[in-house]
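So the sequence shown is residues 2 to 246, counted in the numbering used here.
Cβ atoms here follow ideal geometry from the backbone N, Cα and C, with glycine treated the same way.
Shown next, in structure tokens, is the structure this report addresses.
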Amino acid sequence: MKDLFSEQSELYQQARPTYPQALVNCLIQQLNGLECAWDCGAGSGQLTRLIAPYFQTVIATDLSQNQLDQAPALPNVQYLQQAAEQTSFADQSFDLITVAQAIHWFDFEKFYAEVKRTLKADGIFAVIGYGLLELDDQDLNERVGCLYFETLNGFWDAERRYIDEQYQTIPFPFEEIAMPQFQIELGWTGLQLWDYLNTWSAVKHYQDQLHVSPLASLQDILQIKQTIGVSFPILLRVGRLSHLK
């Protein structure tokens, strides 16, 4: 698994969107038990904090200790620096395993072996993410699209394609559960959008290689924008161990 976000862990925690409560409610309704959950690739806890109220114990792991250090301290949550593909957990430990906006960085085969080993027989596995944002300001939306598809073309890691493909092309060797569609809907200031764009891994790669910000042309307009309607499509694959019928 790659660690692309340790250096910007504080910005990531502040600027990345959170997930809708309706999504969490829908996942919880699928469960038979609420003892223990594992939030893998938890980063700074965007999803961890949302599922924590429902479980006796939540274990949140990430490759980046810097990211975990930004996560909220919660009484029933334990944060551990561990790779997704090799964990210290006992067999059949978890009622729910989640991975949010991270699975595209994992070694699928090794991670899925851990999921199958540590998920309870009647447990649920959920892959969650979000795609390219859309803005209600048409001009700004076109500018961000140009940034994403043109300016940053060649600077995205290859794994990013799984998000562009809505997580529909990842291997998913589980018995899939049909789920509703969800969206993240927010009202952001221009500065909040600026901070979010600065968390993109391709922006960092561009700056590291060319020593100039790919966001320079957006800086002036974002400094004066008050409220921008922002929506992200939620990517979601949910399943059970395939031996259950």
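Residue i versus the options, residue with shortest Cα-Cα distance
i	options	result
Gly-191	Ile-185, Lys-205, Ile-222 and Asp-40	Ile-222
Gln-22	Cys-41, Thr-49 and Gly-44	Thr-49
Asn-77	Thr-58, Asp-123 and Phe-156	Thr-58
Leu-120	Gln-102, Phe-175 and Trp-195	Phe-175
Gln-87	Lys-111, Leu-242, Gln-102 and Pro-73	Lys-111
Gln-93	Ala-103, Phe-126 and Ala-43	Phe-126
Tyr-20	Ile-29, Tyr-168 and Leu-51	Leu-51
Assumed close pair residue i, residue j - CB separation to whole angstroms, cut-off 8 Å
i	j	result
Gln-134	Val-231	According to the sequence provided, residue 134 is Leu. The question's Gln does not apply to it. Confirmed, Cβ separation roughly 6 Å.
His-105	Arg-161	7 Å
Tyr-113	Phe-233	No, Tyr-113 and Phe-233 are not in contact; Cβ-Cβ is about 26 Å, not under 8 Å.
Gln-68	Ser-89	Incorrect: roughly 19 Å between the Cβ atoms, too far for contact.
Leu-141	Tyr-207	With 8 Å as the limit, Leu-141 and Tyr-207 do not qualify as a contact, their Cβ atoms being about 19 Å apart.
Asp-265	Asn-33	This structure does not reach residue 265, given that the chain is present from 2 up to 246, and the question cannot be answered.
Tyr-80	Ala-53	Wrong, their Cβ atoms sit about 11 Å apart, outside the cutoff.
Leu-28	Leu-97	7 Å
Ala-16	Tyr-197	5 Å
Asp-158	Ser-202	6 Å
DSSP state of residue i mapped onto helix, strand, coil
i	result
Ser-202	helix
Arg-17	coil
Gln-184	strand
Gly-146	helix
Trp-157	coil
Val-128	strand
Ile-137	The residue you asked about is not Ile; residue 137 is Asp in the sequence shown. Of the three classes helix, strand and coil, the one that applies to Asp-137 here is coil, per DSSP.
Ala-23	helix
Leu-5	Confidence in Leu-5 is poor, its pLDDT being 43 and thus under 50, which makes the residue's placement too unreliable to answer from.
Leu-32	coil
C-alpha gap between residue i and residue j, whole angstroms
i	j	result
Glu-151	Ala-179	34 Å
Val-128	Asp-63	15 Å
Leu-236	Ile-171	12 Å
Glu-166	Cys-41	21 Å
Ala-217	Ile-164	25 Å
Ser-214	Gln-66	27 Å
Tyr-55	Trp-39	12 Å
Phe-95	Pro-18	26 Å
Leu-194	Ala-101	20 Å
Val-204	Leu-35	39 Å
Leu-219	Gly-146	12 Å
Interface flag, residue i vs chain D, CB-CB below 9 Å
i	result
Ile-222	Protein chain content of the structure displayed is limited to a single chain, and chain D is not contained in it.
Return the chain-ordered ranges of every alpha helix (DSSP H) run that is complete within the region 53-118 and spans a minimum of 4 residues. List check, alpha helix (DSSP H) in window: 66-70.
Going residue by residue through the region 215-243, where are the continuous alpha helix (DSSP H) segments of at least 4 residues, counting only ones entirely within it? Runs of the alpha helix (DSSP H) inside the region 215-243: 217-225.
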